[in-house]
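Engineer: Just so you know, the protein sequences line up as chains A and B, in that order.
Oh and the first sequence: position 142 is 148 in the working numbering, straight run, nothing missing.
Oh and the second sequence: position 88 is 85 in the working numbering, straight run, nothing missing.
Think of the CB as a built atom: it goes at the ideal place given N, C-alpha and C, for glycine as much as any other residue.
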Amino acid sequence: MGREGEVVAELLPEFERAHPTIRIKLQQLPWTAAHEKLLTAFAGDTTPDVGQLGNTWIPELVALNALEPLDGHAERSTVIDAADYFAGIWDTNRVDGRLYGVPWYVDTRLLFYRRDLLARAGYSTPPRSWPEWQRMLAAISAEARGDRFAILLPLNEFEPLLALALQQDDPLLRDDGRWGNFSAPGFRRALAFYLEMFQRGWAPPLGTAAIANVWNEFGRGRFAFYISGPWNIGELQRRLPAEQQGAWTTAPLPGPDGPGASIAGGSSLVVFRASRNQDAAWRLIEFLSQPEIQRRFHALTGDLPPRRGAWQAPALAADVHAAAFREQLERVKPAPKVPEWERIATEMRLVAERAVHGQLTVEQAAHELDERAANILEKRRWLLAHRRAR
Amino acid sequence: MTRRSAAWWFVAPALLVIGVFFFLPVVAALALSFTDFDIYALADPRNLRVVGLRNYVQLLRTPLFWQAFGNTLYFVVVGVPLSLGVSFGAALLLHARVARWPAFFRTALFAPVVTTLVAVAVIWRYLLHPHYGLLNYALGQLGIPAVDWLGDPRWAMPAIIMLAVWKNFGYNMIILLAGLQSIPEQLYEAARLDGASVWRQLRHVTLPMLAPIVAMVNILTIAGYFQLFAEPYVMTQGGPLQSTVSVLYFMYEEGFKWWNLGSASAVAFVLFVFIFALTAVQLRLTRWRAAA
Chain A
7 MGREGEVVAE LLPEFERAHP TIRIKLQQLP WTAAHEKLLT AFAGDTTPDV
57 GQLGNTWIPE LVALNALEPL DGHAERSTVI DAADYFAGIW DTNRVDGRLY
107 GVPWYVDTRL LFYRRDLLAR AGYSTPPRSW PEWQRMLAAI SAEARGDRFA
157 ILLPLNEFEP LLALALQQDD PLLRDDGRWG NFSAPGFRRA LAFYLEMFQR
207 GWAPPLGTAA IANVWNEFGR GRFAFYISGP WNIGELQRRL PAEQQGAWTT
257 APLPGPDGPG ASIAGGSSLV VFRASRNQDA AWRLIEFLSQ PEIQRRFHAL
307 TGDLPPRRGA WQAPALAADV HAAAFREQLE RVKPAPKVPE WERIATEMRL
357 VAERAVHGQL TVEQAAHELD ERAANILEKR RWLLAHRRAR
Chain B
-2 MTRRSAAWWF VAPALLVIGV FFFLPVVAAL ALSFTDFDIY ALADPRNLRV
48 VGLRNYVQLL RTPLFWQAFG NTLYFVVVGV PLSLGVSFGA ALLLHARVAR
98 WPAFFRTALF APVVTTLVAV AVIWRYLLHP HYGLLNYALG QLGIPAVDWL
148 GDPRWAMPAI IMLAVWKNFG YNMIILLAGL QSIPEQLYEA ARLDGASVWR
198 QLRHVTLPML APIVAMVNIL TIAGYFQLFA EPYVMTQGGP LQSTVSVLYF
248 MYEEGFKWWN LGSASAVAFV LFVFIFALTA VQLRLTRWRA AA
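1) If you measure from the beta carbon of A:A371 to each beta carbon in chain B, is any gap under 7 Å?
2) Using a Cβ-Cβ cutoff of 7 Å, what residues of the region 337 to 365 of chain A are near chain B? List them in chain order.
3) Select from the region 152 to 182 of chain A all residues with a C-beta closer than 9 Å to any C-beta belonging to chain B, and list them in chain order.
4) What is the DSSP secondary structure of A:Q296, reduced to helix, strand or coil?
5) Let me know if B:I15 comes out buried or exposed under the rule of 16 or more other beta-carbons within 10 Å of its beta-carbon.
6) Output the distance between the C-alpha atoms of A:A216 and A:N222, rounded to the nearest integer angstrom.
7) Pull out every residue of the region 64 to 76 of chain A whose Cβ sits closer than 7 Å to any Cβ of chain D, in chain order.
8) May I ask you to list, following chain order, the residues of the region 41 to 56 of chain B that have a beta carbon less than 7 Å from some beta carbon of chain A?
9) Based on the DSSP secondary-structure assignment, which residues constitute the bridge partners of A:A286?
10) Which residue comes first and which comes last in the beta strand (DSSP E) that contains A:G57?
11) Would you grab the beta carbon distance between B:F223 and B:T69 for me? Rounded to a whole angstrom, and I think it's under 8 Å.
12) Using a C-beta cutoff of 7 Å, does B:G148 count as contacting chain A?
13) Note the first and the last residue of the continuous beta strand (DSSP E) segment covering A:R23.
14) Classify A:K31 as buried or exposed, calling it buried when 16 or more other Cβ atoms lie within 10 Å of its own Cβ.
15) Taking the alpha carbon of A:R314 as the reference point, which residue from A:T307, A:V326 and A:F331 has its own alpha carbon closest?
16) Which chain A residues are close to B:I36, counting only those with a beta carbon under 8 Å from its beta carbon?
17) Indicate whether A:G107 and A:V276 have their beta-carbon atoms separated by less than 7 Å.
18) So, B:W146 versus B:A156, is the Cβ gap smaller than 7 Å?
19) Looking only at C-alpha atoms, which of A:N381, A:G364, A:P160 and A:S274 sits nearest to A:W96?
20) In three-state DSSP terms, what is A:F164?
21) With a 10 Å radius around its C-beta and 16 neighbouring C-beta atoms as the bar for buried, classify B:T218 as buried or exposed.
22) Hey, how far is the Cα of B:A212 from the Cα of B:R284?
23) What does B:G86 reach in chain A if we use C-beta pairs closer than 8 Å?
24) Which whole-angstrom value is the C-beta distance of A:E292 and A:I86, which I expect to be below 8 Å?
25) Could you tell me whether the Cβ of A:L212 comes closer than 7 Å to any Cβ of chain B?
26) Is A:A379 close to chain B? Criterion is C-beta to C-beta, closer than 7 Å.
27) Quick one: measure Cβ to Cβ for B:G176 and B:D33, integer angstroms, because I've assumed they're closer than 8 Å.
28) Does the Cβ of A:E298 have 16 or more other Cβ atoms within 10 Å, making it buried, or fewer, making it exposed?
29) Against chain A, with Cβ distances strictly below 7 Å, would B:W163 count as a contact?
30) Do the region 152 to 159 of chain A and the region 351 to 361 of chain A meet, that is, are 3 or more Cβ pairs less than 8 Å apart?
31) Which residues of the region 55 to 73 of chain B have a Cβ closer than 7 Å to any Cβ of chain A? Give them in chain order.
32) Which of the three DSSP states is assigned to B:R94 in this structure?
33) Does A:A391 come within less than 7 Å of chain B when only Cβ atoms are used?
34) For a contact defined as C-beta to C-beta under 8 Å, what are the partners of A:F48 on chain B?
35) How about A:A144: is its C-beta nearer than 7 Å to some C-beta of chain B?
36) Tell me whether the region 234 to 249 of chain A and the region 37 to 46 of chain A touch, counting them as touching only if at least three CB pairs, one residue from each stretch, are closer than 8 Å.
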């Protein structure tokens, strides 16, 4: 899918040379159409043998019974060693105790920040905890003139708030994903912290569309912090002029009292249950999972590898901007693994947006979210009750 | 074979095609709207529940549906008169005897209709940009403070209306222009001989002669504007604060993003009934006015 779909075409001939009996037909999909295409392929019984899935889609396709469990293959494999993978990332592929995918590349969110702006406010290192972070945000805001801000938290993305919420001990859903758990102290603390950044004027109440070109604005210093993902390393290197390259870098996400967790995102490789070439499919997954191939994949795409082994490559070990990701990946947590999660996360963003605009308090927003989650999860509760009865 | 049965045979192929590709899906969608079809039902038909009217009841209780309905109504009530006004004005200008290069301007004004919305959206996003946008620059010259067009919930819908009017007025303009050109010149001559001013000619010759065309254009435009979707989809994704979610956008998200095809079908039928009723009332009004 997307750029990965184009790049993998360059790696496949080598696999075909090593396995002369296997021929691969590659179909590339744009990300925007992929989800719909997969569901219609399932309905039409035309799913592929191997596929790339965003790891938050796995629970949905497991609910459809479309994926083949891979536990047996993974245990026997000499290439894929679960212990070499970042634990949080590996965990996103396990649903109800079974393994349905092998991580291909990872995605998490952390801080991109302007070193020079931080230094001007009197700080030489990035924040490690929320209180420290707040002091820096306040100091940068005090310096900022005109419509400059300390931090950009785009209102059209749920990931920044989700990352803060995952740092808490309380899970986001309770009772095996039957109900929302947004009124728990954990989520309310995360939401209150998030809202405070807007209320104090540290963050502008804007989406990325209103910013138009986030890279240029970041280069101009319109905001000093930006919570975003690994693809922006490449974007910023490409788009900002050489003299600005020294001014920015990345840092792990600060937590409530010390380094905090972030989202275990990324893509996985899966085998579809309807596949008649499951062994060949598994061999392709093993091929793409070799640390050496992952190194080349990183060189081609900039995507970060999911196994620690691949990170020892000089290109990655020496990359100053990637170092923070390496550290963060040891502290990533999966989002709740229910098919309805993406919708609930979208509601979370919408309700948080209303709270940012002052239409809801933290308590009201948490209550509203629990109510919406309860509605969305109604069918799941019915199914779970029903399945037990059958 | 009687004439009557022969006629049926001639229309049979068309009826068959309409039946298979139009009525059947509509009936299927109606049936779907009484179920809770979703991805679980896709996995296993036993997970499908027949819920009767619950989708409809739920829908009418969903605040976002009413917000979407209100947004759509806002778009129609402001957008349709504006669009027709601009179309009519442009048609009059093109029809005016003093107009130079009418062919060029006709093409230029029609161009937005045939350009792709996605390309247009990129340009408009820059036009509407709060800092670098041409529109805010122009307002600034007049001493009006910058407006955050797409980021401010109060201004996002007006921005969408501007885009939609600009994009669509050319189509009605061509139809109205054809209508203007079919008004016999003698009527104007007679009016001028009677000493009618330009304004009175417009009111008492142009408008009455154009009335049937205006009525048709009006009905088509209202029905079209109620199906607002592409503009918010490419410009705002329904935001900010869901101020640009239209009924159709709501249905799209429900059906194709969240795969709740049951409740999405219910949205489609509510919208259908509403547009149908509105069109019927308009047709009645037009006929009544024509008879009066």
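Structural biologist: On the basis of the coordinates in this document:
1) No, no contact with chain B.
2) For the region 337 to 365 of chain A, the beta-carbon criterion of a distance under 7 Å to any beta-carbon of chain B is satisfied by P345, R349, L356, E359, R360 and H363.
3) Going along the region 152 to 182 of chain A in chain order, one finds D153, L161 and N162 with a Cβ nearer than 9 Å to chain B.
4) Correct three-state label for A:Q296: coil.
5) Exposed, since its Cβ has fewer than 16 Cβ neighbours within 10 Å.
6) Answer to the nearest angstrom: the Cα atoms are 13 Å apart.
7) Annotation note: the requested chain D is absent from the structure, which comprises protein chains A and B.
8) Residues passing the 7 Å Cβ filter: N44.
9) For A:A286, which the question treats as bridged, DSSP gives no partner whatsoever.
10) Residues V56 to G60.
11) About 6 Å; that satisfies the 8 Å criterion.
12) Yes, B:G148 lies at the interface with chain A (some Cβ there is under 7 Å from its Cβ).
13) Run containing A:R23: none in the beta strand (DSSP E); it sits in the alpha helix (DSSP H), G8 to A24.
14) So A:K31 ends up on the exposed side.
15) Residue A:F331 is the option with its Cα nearest to A:R314.
16) The answer, in chain order, is L45, E66, A69, L70 and P345.
17) Pairing A:G107 with A:V276 gives a Cβ-Cβ distance under 7 Å.
18) Yes, Cβ-Cβ distance for B:W146 and B:A156 is below 7 Å.
19) When the alpha-carbon of A:W96 is set against those of A:N381, A:G364, A:P160 and A:S274, the nearest one is in A:S274.
20) Under the three-state reduction of DSSP output, A:F164 falls in the coil class, being neither helix nor strand.
21) Buried, since its Cβ has 16 or more Cβ neighbours within 10 Å.
22) B:A212 and B:R284: Cα-Cα distance of roughly 10 Å.
23) Under the 8 Å cutoff, chain A gives no residues; its nearest Cβ is about 31 Å from B:G86.
24) Taking C-beta atoms under 8 Å as the contact rule, A:E292 and A:I86 qualify, at a distance of about 6 Å.
25) Taking Cβ atoms only, chain B reaches closer than 7 Å to A:L212, which makes this a yes.
26) Taking Cβ atoms only, chain B never reaches closer than 7 Å to A:A379, which makes this a no.
27) B:G176 to B:D33, Cβ: 49 Å. No contact.
28) Exposed: under 16 other Cβ atoms inside 10 Å.
29) Chain A contact via Cβ: absent.
30) Fewer than three beta-carbon pairs drawn from the region 152 to 159 of chain A and the region 351 to 361 of chain A are found closer than 8 Å, and the two stretches are therefore not classed as touching.
31) Residues of the region 55 to 73 of chain B with a C-beta less than 7 Å from any C-beta of chain A: none at all.
32) It is coil, neither helix nor strand.
33) No, A:A391 lies away from the interface with chain B (no Cβ there is under 7 Å from its Cβ).
34) Result: L39.
35) Under the 7 Å criterion on CB atoms, A:A144 is classed as non-interfacial with respect to chain B.
36) With the cut-off at 8 Å, the region 234 to 249 of chain A and the region 37 to 46 of chain A do not touch.
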